[in-house]
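Each residue of the sequence shown is one higher than the one before, counting from 7 in this note's numbering. Yeah, the Cβ is synthetic: ideal placement off N, Cα and C, and Gly gets one too.
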Amino acid sequence: MVTIYAWLEIRATYLDEDLHPEIDEKKVFDDIDNLIKKLKYNELKVIEKNYSRFVQFSVMENHKTERTEEMISMYENITKIATGSYGLLYYLDDEDEVYSDEFRVLVSKKGKCEWKRDENFSPCSIMIEEFD
7 MVTIYAWLEI RATYLDEDLH PEIDEKKVFD DIDNLIKKLK YNELKVIEKN YSRFVQFSVM
67 ENHKTERTEE MISMYENITK IATGSYGLLY YLDDEDEVYS DEFRVLVSKK GKCEWKRDEN
127 FSPCSIMIEE FD
């Protein structure tokens, strides 16, 4: 089983926009909208509230699929395009040869994504399940 839970606040840049007028916020958001429209498995919308934009999504598949790969790639691409974006993507694949018993977290900030081991739910067999 592959499970993904993700959220990402979308911000054009982490730099002070008043000091960097060359950053075209409208273009950044248009690029994000175009990226999302091109998704083959488009189950995603940009939510706008209180002058903030964010996405949140979850994926549950029996096995790793093209859809799971597409959603992770989209998350990484938004981070690269809108470098001020930040968020977390929790990922569990019980068929993964190395990480079958632990959640991994894709941490997004300052235009980069980095995989980290989750300390709250991993190892799953001890932290969230009990087997005799």
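- An exposed status is given to threonine 71, since fewer than 16 other beta-carbon atoms sit within 10 Å of its beta-carbon.
- Secondary structure remark: continuous beta strand (DSSP E) runs of at least 3 residues inside the segment 30-111, in chain order: 53-55, 58-67, 92-99.
- Note on geometry: alpha-carbon atoms of valine 52 and glutamate 15 lie some 10 Å from one another.
- With a contact defined as Cβ atoms closer than 8 Å, glutamate 108 and serine 128 qualify at about 3 Å.
- Selection Ala12, Cys130, Val111, Lys116 evaluated against lysine 122 yields Val111 as nearest (Cα-Cα).
- For lysine 116, the closest alpha carbon among the candidates Thr89, Glu82, Met133, Ser131 is that of Thr89.
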